[in-house]
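Asks: If you use the working numbering, the sequence shown closes out at 538, no skipped numbers anywhere.
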Amino acid sequence: MSAAEGVLSGEAIKEYPGKLTPFVTVTCIVAAMGGLAFGYDIGISGGVTSMDSFLEKFFKDVYETKNRISTKNQYCQYDSASLTMFTSSLYLAALVASLVASTVTRKFGRRSSMLLGGVLFCVGAIVNGFATAFWMLILGRLLLGFGIGFTNQSLPLYLSEMAPYRNRGGLNFFFQLFITIGILIANIVNYFSAKIKGGWGWRLSLGGAIVPALIIIIGSVLLPDTPNSMIERGQHPHEEAKNRLRRVRGVEDVEEEFQDLVAASETSKRVKHIWRNLLHRKYRPHLSMALLIPFFQQLTGINVILFYSPLLFNSIGFESDASLMSALITGTWNVLATIVSIYGIDKWGRRYLFFEGGIQMLICQTIIAGAIGAKFGVSGMVEQLPKWYAIVVVLFIGNYVAGFAWSWGPLGWLVPSEILPLEIRSAAQSVNVSANMFFTFANAQVFLTMLCHMKFGVFIFFGLWVCVMTLFVYFFLPETKGIPIEEMPKVWKSHWYWSRFVTHNHHQIGGLEMGEGRQQVISTVTPSLDVIYEIRTY
């Protein structure tokens, strides 16, 4: 076993009593259904922008270019700054919201943040569904983005606090699963709404986002509060929070975990200058992961595939119906692969899935680049596509999506949250979420221009980055499977590279240096406080 894995050997790992109860399972599934909103929005935007009636109303230049036979360069027919702004503006708003959401979630509770996000998302869906001008489209997208920023901050946190730490990966992946289901539902809605006569089907697609918004709103009202939130806000007697913890864990003996929850909450309240603490040398591994993992996640190229899959299929010669159907097929692949990841995350480990997914994506991207390059060359001109070609392209794009769905998709959010210590967690998670939203925005904004100028080389570009990120995982990312959060410092201390940055003998918090004796109390963080911010997340 390589030193790069940074696993623990010969050291006892603290465990809390508890089991996965039907109450927790149902609660987590209901909460995870909030992921439908994010997934639906990812899938819906690319579909409506491939509909002629939508383009003719809001993007006439794109509509004219697409239908101008004399200049049928498939690579460049959707190269429009305003069109990409329609898609990417949501992530700019989510970036801003993510900087605020952690404070709202901490001070007012997880359910209040979910409720606010659901309401904003609902209003955005209504504005988009009734849009009559371009500014209304952008306003609706911004409101949707604000909603995503709040819900993707609070929902995964809620899930991680309810889940026993042994089932942390699997239960949090339900959120990822519902994101993929949301994408699939959006693809189905797009396929059938495109067939509606009268050219108003796009309104049904955009306005349909109100359904997952209502699910979030209703869930935030009906779901019980977490013991962590009850203790953190101090608005409930400790005995009430302890009884809630007993019900969540399914056992009577919760005293040790409860005392650790109280101690962790009191410690976090004493921490000052959280943002400044991020720059301390001993937090170099955590800050590096909080920035580099979302950076690499977006450079897999997956989000641009999911955003623009109907446009991409249309750009490589598929007719509108065929492109929507192809996107529907890849959406199905996405759901099935995520189900596999739920089974494997706590069984095979994080690094194994990173490696397998990276190799799979690289192979598929290479074949896709070759297939598109051989047929379209650099001119982007082609008269007719044979059936076998369409099957090959859809097959390998589907396998590429599957490789992402059980690796960088869910793990890109799970791993950073697992490794962050309590004293910098809120700030570092904000960095992680904001970085993901920024890179998502930038990627969505430039992809169609990249496709126009780099042509089939855009897949080679993303493939090279997959090589880089796979090597990064091999050398620098330790395995975190089955390790409680409070034991995570031992992982960094045993890592061949990061150990040089980590303080071994003292633990600093809020500007105070503490010895090992107090460190045991101060650094004790229950696995229930683990935060999994899944924004894709996709």
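Using N, Cα and C, we set each Cβ at its ideal position, and we do this for glycine too.
Helix, strand or coil: how does DSSP classify P386 here?
Replies: One-based indexing of the sequence shown puts residue 386 at position 386. P386 falls in the coil class under three-state DSSP.
Asks: Could you tell me the distance, in whole angstroms, from the CA atom of G201 to the CA atom of K195?
Replies: As a position in the sequence shown, residue 201 is number 201, starting the count at 1. As a position in the sequence shown, residue 195 is number 195, starting the count at 1. The straight-line gap from Cα to Cα measures roughly 7 Å.
Asks: How many angstroms separate the CA atom of I305 from the CA atom of T105?
Replies: Taking the first residue of the sequence shown as position 1, residue 305 is located at position 305. Taking the first residue of the sequence shown as position 1, residue 105 is located at position 105. Cα to Cα, the separation comes out at about 32 Å.
Asks: Tell me the rounded alpha-carbon separation between V26 and N172.
Replies: In the sequence shown, residue 26 corresponds to position 26, counting from 1. In the sequence shown, residue 172 corresponds to position 172, counting from 1. When rounded, the distance between both Cα atoms is 13 Å.
Asks: Roughly how many angstroms lie between the CA atoms of R203 and V393, to the nearest whole one?
Replies: Along the sequence shown, read from residue 1 onward, the residue named residue 203 stands at position 203. Along the sequence shown, read from residue 1 onward, the residue named residue 393 stands at position 393. Their Cα atoms are separated by approximately 30 Å.
Asks: What alpha helix (DSSP H) runs, 4 residues minimum, are completely inside the region 266-302?
Replies: DSSP runs (the alpha helix (DSSP H)) wholly in the region 266-302: 274-277 and 284-298.
Asks: Near F258, what residues of its chain come up, given a Cβ to Cβ distance below 6 Å and the 5 sequence neighbours on each side ignored?
Replies: As a first step, residue 258 must be located in the sequence shown, where it is residue number 258. Correct list, in chain order: K242 and L245.
Asks: Quick one: residues in its chain with C-beta nearer than 8 Å to the C-beta of A125, no 5 flanking neighbours on either side, listed in chain order?
Replies: Taking the sequence shown and counting its residues from 1, one reaches residue 125 at position 125. Only G140, L144, L206, G207, G208, A209, I210 and A213 meet the Cβ criterion.
Asks: Quick one: what's got a C-beta closer than 6 Å to A186's C-beta in the same chain, skipping five residues either side?
Replies: As a working mapping, residue 186 is identified with position 186 in the sequence shown. Hits under 6 Å: Y40, G43 and I44.
Asks: Please report the distance separating the alpha-carbon of P285 from that of S112.
Replies: Locating residue 285 in the sequence shown gives position 285, where the first residue counts as 1. Locating residue 112 in the sequence shown gives position 112, where the first residue counts as 1. One C-alpha to the other measures close to 32 Å.
Asks: Counting Cβ pairs closer than 8 Å, one from the region 261-268 and one from the region 369-377, do we hit at least three?
Replies: Touching, no, given that fewer than three Cβ pairs across the two stretches are closer than 8 Å.
Asks: Using only CA atoms, which one of F23, V30, F501 and A31 lies nearest to E283?
Replies: On the sequence shown, position 283 is the one that residue 283 refers to. Sequence check: residue 283 is Tyr here, not Glu. Checking every option, the nearest Cα to that of Y283 belongs to F501.
Asks: For the ligand SAH, any of its heavy atoms closer than 7 Å to the Cβ of G124?
Replies: The ligand SAH is absent from the structure shown, which contains no ligand whatsoever.
Asks: Which value, in whole angstroms, describes the spacing of the CA atoms of G129 and V123?
Replies: The count along the sequence shown starts at 1 and reaches residue 129 at position 129. The count along the sequence shown starts at 1 and reaches residue 123 at position 123. The alpha-carbon atoms of G129 and V123 are separated by roughly 10 Å.
Asks: Alpha carbon to alpha carbon, what distance is there between M361 and S193?
Replies: The residue you call residue 193 lines up with position 193 of the sequence shown. The residue you call residue 361 lines up with position 361 of the sequence shown. Their backbone Cα atoms lie some 31 Å apart in a straight line.
Asks: Residues in its own chain within less than 6 Å of V189 by CB, not counting five upstream and five downstream?
Replies: Counting from 1 along the sequence shown, the entry for residue 189 is found at position 189. Here the set comprises S205 and G208.
Asks: Taking only runs of the alpha helix (DSSP H) that begin and end inside the region 33-77, which ones reach a length of at least 4 residues, in chain order?
Replies: For the region 33-77, whole alpha helix (DSSP H) runs of length 4 or above, ordered along the chain, are 35-48, 52-58 and 60-66.
Asks: By how many angstroms is the C-alpha of V100 removed from the C-alpha of I181?
Replies: Within the sequence shown, residue 181 is the residue found at index 181, counting from 1. Within the sequence shown, residue 100 is the residue found at index 100, counting from 1. One C-alpha to the other measures close to 28 Å.
Asks: By how many angstroms is the C-alpha of W135 removed from the C-alpha of I509?
Replies: The count along the sequence shown starts at 1 and reaches residue 509 at position 509. The count along the sequence shown starts at 1 and reaches residue 135 at position 135. Confidence in I509 is poor, its pLDDT being 38 and thus under 50, which makes the residue's placement too unreliable to answer from.
Asks: Can you check which of these residues, C28, E479, A444 and A133, is closest to K347 by C-alpha distance?
Replies: As a working note, residue 347 is residue 347 in the sequence shown. Checked all of C28, E479, A444 and A133; the closest Cα to K347 is E479.
Asks: Using CA atoms only, rank isn't needed, just tell me which of A131, R270 and F472 is closest to I424.
Replies: Locating residue 424 in the sequence shown gives position 424, counting from the first residue. Comparing Cα-Cα distances from I424 to each of A131, R270 and F472, the minimum goes to R270.
Asks: Hey, would you say F178 sits closer than 8 Å to G47, going by beta carbons?
Replies: Position 178 of the sequence shown, counted from the start, is the residue given in the question as residue 178. Position 47 of the sequence shown, counted from the start, is the residue given in the question as residue 47. Result no, Cβ atoms of F178 and G47 do not sit closer than 8 Å.
Asks: Please classify T103: is it buried, with 16 or more other beta-carbons within 10 angstroms of its beta-carbon, or exposed?
Replies: Your numbering for residue 103 matches position 103 in the sequence shown. Classification of T103: exposed, given that the 10 Å Cβ count is below 16.
Asks: DSSP three-state call for A427: helix, strand or coil?
Replies: Counting from one through the sequence shown, the residue named residue 427 turns up at place 427. Three-state DSSP puts A427 in a helix.
Asks: Can you tell me whether L155 is helix, strand or coil according to DSSP?
Replies: For this step, residue 155 is matched to residue 155 along the sequence shown. Helix.
Asks: Whole alpha helix (DSSP H) runs in the region 188-233 with 4 or more residues, listed along the chain?
Replies: Entirely contained in the region 188-233, the alpha helix (DSSP H) runs reaching 4 residues are, in chain order, 201-207, 210-222 and 227-233.
Asks: Using three-state DSSP, classify F130 as helix, strand or coil.
Replies: Taking the first residue of the sequence shown as position 1, residue 130 is located at position 130. Note: F130 maps to coil in three-state DSSP.
Asks: Using a Cβ-Cβ cutoff of less than 7 Å, which residues in the same chain neighbour G398 once the five nearest sequence positions on both sides are dropped?
Replies: In the sequence shown, residue 398 corresponds to position 398, counting from 1. I329, T330 and W333.
Asks: Specify, as a first and last residue, the run of the alpha helix (DSSP H) that A94 falls within.
Replies: Here the question's residue 94 lines up with position 94 in the sequence shown. Its alpha helix (DSSP H) spans residues A81 to F108.
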